[in-house]
Each structure stands twice: as structure tokens, then as C-alpha cells.
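Quick note, the numbering used here runs 1 ahead of the 1-based positions in the sequence shown.
Every residue gets a Cβ at the ideal spot worked out from N, C-alpha and C, and that includes glycine.
Remember, predicted model here, so these are calculated numbers, not experimental data.
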Amino acid sequence: MTIQKNISLTSFNTFGLQATAKEFTTIQSIEDAQALLTSDIFKNQPVLILGGGSNILLTKNFDGLVVKVEIKGKEVIHNDDENVLLKVGAGENWHELVMYCVDKNLGGIENLSLIPGTMGAAPMQNIGAYGVEIKDVVESVEAIEISTGKVKTFSNADCNFGYRESIFKQEAKNKFFISSVTLRLSKKNHRFNCSYGAVNETMTTLGYDTPSVRAISEAVIHIRRSKLPDPSVIGNAGSFFKNPTIDADAYALLKKTYPDIPGYIAGNAMFKVPAAWLIEKCGWKGKRFDNIGVHQHQALVLVNYGGGDGKKIWQLAMDIQASVKEKFNITLHPEVNVIE
Ligand SMILES: Cc1cc2nc3c(=O)[nH]c(=O)nc-3n(C[C@H](O)[C@H](O)[C@H](O)COP(=O)(O)OP(=O)(O)OC[C@H]3O[C@@H](n4cnc5c(N)ncnc54)[C@H](O)[C@@H]3O)c2cc1C
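Right, here's the structure in full:
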């Protein structure tokens, strides 16, 4: 186990924020993780588990140990006429995995193309895009319990998946290293999700007559490239806030004052309101404050134009939160993990 000291985290977070880790190490296997857990260096200071750093906001230097998970590997552990169960190491790059599945015509994660980050972090917030969430294909999640070093397997039901939520962001937070995830992927009779009009339109534009694993993936990539800022060009962590859910009465009341407020039925007489719309109505879209700001085309994306300060981005997020609360009486909750 190699422990490095005073390591810059700038290239390890997609916001591109300048911060250092007092100590830094990587793990390549379950055994590495188990050895690390028993070491003094792990026990005596704060620990940050890191994947691709695409869903974190570093507000200052990290005065502890950063552990980057680099457990690799893909293994077919079950194969029948209809499905395969693919066990994927937590450190595998998510988009490369999607491309691997597209090449093999394995269905289930094509709508999640081009989401940055690693396999291990994907169940944390139940990544989702274009009508699909990873919970739809998770068979199980294998994780190492930090207090005991024991390997535990969480079934899909155990994970308590919700919208950008799972047990790993709630009661199991900071208690487990996720080491691998097993996905159930279809080999034939794929159940494509083409519920987003833009995906259908783009498939047609790209020359596809019928949906396929590849057609959907290419359409999603095309849409995302045209809509979302590329973190290698402008630092960001994707959507900063979750879309809030409000009850039907609150939604009806807002609709009287703001007839154009969008809302989608979210079950149990609840409505999901796009956070981007609320933020834009509060006048934040495109606002720039020195080297940080709100993206000019995506009000939900906070950006670091270069040399920005994570604390200032967090302050901006809280100012946005306060103004949305004041105008609409809706509380926005961050999707990004804020490291304070
Ligand atoms: C441009 C852009 C677009 C995005 N689009 C989407 C989108 O469409 N949908 C979506 O859902 N998300 C999206 N995201 C957010 C992000 O890509 C996902 O949340 C991704 O899964 C984070 O992976 P990561 O490896 O970078 O996690 P990190 O940022 O490294 O970590 C995120 C959290 O998970 C914890 N963690 C990481 N790995 C492990 C592990 N092995 N075990 C235990 N804990 C761990 C960390 O401690 C941290 O709390 C986007 C981000 C960007 C920058």
C-alpha cells in the first residue's frame, strides 16, 4: 500500500477545483481495501472514497485520506438465452462499460451513455437519464463493510433505490466501500425505453429506422454532447440539484401564479418540478461571478470557468436555494456530494 502526501486533487474532480489531499492512496482489490481498513492511517483521520470525482464539490483541502477505488474487471457470472449477469469492478469507467455493452448488443444501460464516473459510484445515487435508472438493471451490489472488513452483498431491494437515492447515501453512508456491481443485461427481446421524444427524433436524424441498443446509445450521446457542458472544457459536476417533488395542492397553487410551470406526475399525488426551470425563473441562468457561475444554457449546472473556489460555488448554490425557496416556497436539495 503506497500512501502519497499532499496530492493535488484538481485532476480528480470534474469541477477542476484546486484542493489537496493530506494523504492519498488507491485500492485495486478487495484485499487491498481490507488491508487498508485495519491500518492506523485509515482509522485515525477522515476518509473520502473517490471514484471519478464527477459528483463531488471540494470546498477546501481534504485534511485526511483520499482512497481512489480502482478495482477493475468484468466477468459474466451467468448466461442464459435471454440475459447475462455481468459482474463489474467498482473502478471500471461507466461510459466505457456502456460502450462495451453496446458492442456486444447487451441491453439495459444504453440510455445511460456518456454519464461520467465509475461503476462503484453509480448505485450510490442511482444514476439516471432519459427514462432509465441503474436500479432497473442492478442484480446486486457487493461492498466491504468498513467497521469489519466483511464483504456483504446487497440485493436490488436491499439498496432501497429511489430518485437519485439509495441506502448508500442514507443509513449505509460512509459505512461501505462498494467493490463491484452485478448487472442483469438483456441479450435479446430488449425492452427499450424511448419515452423521451428527443431520443426518438435523434435516432431518426441519425438514420436509424428502429430502436436498437446502438441506436439509442448514439442518440443519447448526440443529445448530451449538444446540451451538457464537457467537464474537460468547463469544470462542472452535472446537475447540481435534484428535481424537487411537491404535493398536488402546492403544485395547483403555484400553477395559478405561474401557469407555465412544468410538472410531471410522480405518484402518490405528487408532482416533480424541473429545478432548472425554478432556477431560471429566479434569474440565475448564465450569471457569472468572476470565475464561477451558472451555465448559460443549463441553469441546473454550476460551473468553474478555471481557478474557481469550491467554497464560493457552495455559497452560490445556497444563494440559489434561498431564492427558489423565497419565490416558490420549494426547497432544492443538492445532488452533488459536498465535501466540507
Ligand atoms: C457532465 C456531467 C453529467 C452528468 N450527468 C449525469 C446524469 O445524467 N445522471 C446522473 O445520475 N448523474 C450524472 N452526473 C453525475 C455523476 O456522473 C454520477 O453521479 C456518477 O455516478 C459519479 O461517479 P464518480 O465515480 O465520479 O463518483 P465520485 O464523484 O467520485 O463520488 C460520488 C460519491 O460516491 C462515493 N463513492 C464513489 N465510489 C465509491 C465506492 N466504490 N464505494 C463507496 N462510495 C463511493 C463518493 O465518496 C461520493 O460520495 C453527471 C456528472 C457530470 C460531470
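Of the listed residues Ala-220, Ser-227, Ala-130, Gly-109, nearest to Met-204 (C-alpha basis): One-based indexing of the sequence shown puts residue 204 at position 203. Checking every option, the nearest Cα to that of Met-204 belongs to Ala-220.
Closest to Leu-1 by CA distance: which of Lys-136, Asn-161, Glu-327 is it? For the chain, the structure presents residues 2 to 341; residue 1 sits outside this window and is missing.
Same chain only: Cβ atoms within 7 Å of Leu-301, ignoring 5 sequence neighbours per side: Counting from 1 along the sequence shown, the entry for residue 301 is found at position 300. So the qualifying residues of the chain are Ser-240, Phe-241, Phe-242, Ala-276, Ala-277, Ile-280.
CB-CB under 6 Å to Lys-312, same chain, minus the five flanking residues each way: which ones, in chain order? On the sequence shown, residue 312 is found 311 positions in, with the first residue counted as 1. Within the same chain, Lys-312 has close Cβ partners Thr-60.
Let me check understanding here. Comparing Cα to Cα, which of Val-304, Lys-75, Gln-322 lies closest to Asn-14? Along the sequence shown, read from residue 1 onward, the residue named residue 14 stands at position 13. For Asn-14, the nearest C-alpha among the options comes from Val-304.
Does the stretch 126-136 come into contact with the stretch 98-117, if we say contact requires no fewer than three beta-carbon pairs (one atom in each stretch) closer than 8 Å? Below 8 Å, enough C-beta pairs join the stretch 126-136 and the stretch 98-117 to call them touching: three or more.
For Leu-38, three-class secondary structure by DSSP: Sequence index remark: in the sequence shown, residue 38 carries index 37 (1-based). The answer is helix: DSSP assigns Leu-38 an H, G or I state.
Start and end residues, beta strand (DSSP E) containing Asn-338: Against the sequence shown, residue 338 aligns to sequence position 337. In the DSSP annotation of this structure, the continuous segment of the beta strand (DSSP E) that includes Asn-338 starts and ends at 338-340.
When the Cα atoms are used, what is the spatial distance from Lys-23 to Lys-257? Taking the first residue of the sequence shown as position 1, residue 23 is located at position 22. Taking the first residue of the sequence shown as position 1, residue 257 is located at position 256. Approximately 53 Å, taken between the alpha carbons.
For Glu-106 versus Val-200, is the C-beta spacing smaller than 8 Å? As a first step, residue 106 is located in the sequence shown; it is residue number 105 there, counting from the start. As a first step, residue 200 is located in the sequence shown; it is residue number 199 there, counting from the start. In the sequence as presented, Glu is not what sits at residue 106; that position holds Asn. Against a cut-off of 8 Å, the Cβ pair of Val-200 and Asn-106 comes out as no contact.
Pick helix, strand or coil for His-96, following the three-state DSSP scheme. Here residue 96 corresponds to residue number 95 of the sequence shown, with the count starting at 1. Look at His-96 here: in three-state DSSP terms it is helix.
Using a Cβ-Cβ cut-off of 7 Å (strictly less than) and excluding sequence neighbours within five positions of Gly-208, which residues of its own chain qualify? Counted from its first residue, the sequence shown places residue 208 at position 207. In the same chain as Gly-208, and ignoring 5 residues on each side of it, no C-beta atom comes closer than 7 Å to its own.
Simplified DSSP state of Ile-222, which is helix, strand or coil: Position 221 of the sequence shown, counted from the first residue, corresponds to residue 222. Helix at Ile-222.
With three or more beta-carbon pairs closer than 8 Å as the criterion, would you say the stretch 145-163 touches the stretch 187-198? Flag = no, the stretch 145-163 and the stretch 187-198 do not touch.
Is Leu-254 helix, strand or coil when you go by DSSP? Locating residue 254 in the sequence shown gives position 253, where the first residue counts as 1. Note: Leu-254 maps to helix in three-state DSSP.
Which class does Lys-273 belong to by DSSP, given the choice of helix, strand or coil? Position 272 of the sequence shown, counted from the first residue, corresponds to residue 273. DSSP places Lys-273 within a strand segment (E or B) once states are collapsed to three.
Inside the stretch 293-333 only - beta strand (DSSP E) runs reaching at least 3 residues: Runs of the beta strand (DSSP E) inside the stretch 293-333: 293-295, 303-305.
Under 8 Å, do Ala-91 and Ser-187 count as touching if we go by C-beta distance? Walking along the sequence shown from the start, residue 91 turns up at place 90. Walking along the sequence shown from the start, residue 187 turns up at place 186. No. Outside cutoff.
Have a look at Val-339 and Ser-40 and give me their C-alpha separation to the nearest angstrom. Start at 1 with the first residue of the sequence shown, and residue 339 comes out as number 338. Start at 1 with the first residue of the sequence shown, and residue 40 comes out as number 39. Going from the Cα of Val-339 to the Cα of Ser-40 covers about 26 Å.
Check whether the Cβ atoms of Gly-150 and Leu-66 lie closer than 8 Å to each other. In the sequence shown, the residue the question calls residue 150 occupies position 149. In the sequence shown, the residue the question calls residue 66 occupies position 65. Between Gly-150 and Leu-66, the C-beta gap is not smaller than 8 Å, which leaves the two residues out of contact.
Below 7 Å, is the gap between the Cβ of Thr-27 and the nearest heavy atom of ligand 1? For the purposes of this step, residue 27 is identified with residue 26 of the sequence shown, where counting begins at 1. Incorrect: Thr-27 has no Cβ contact closer than 7 Å to ligand 1.
DSSP three-state label for Ala-173, please. Indexing the sequence shown from 1 puts residue 173 at position 172. Correct three-state label for Ala-173: coil.
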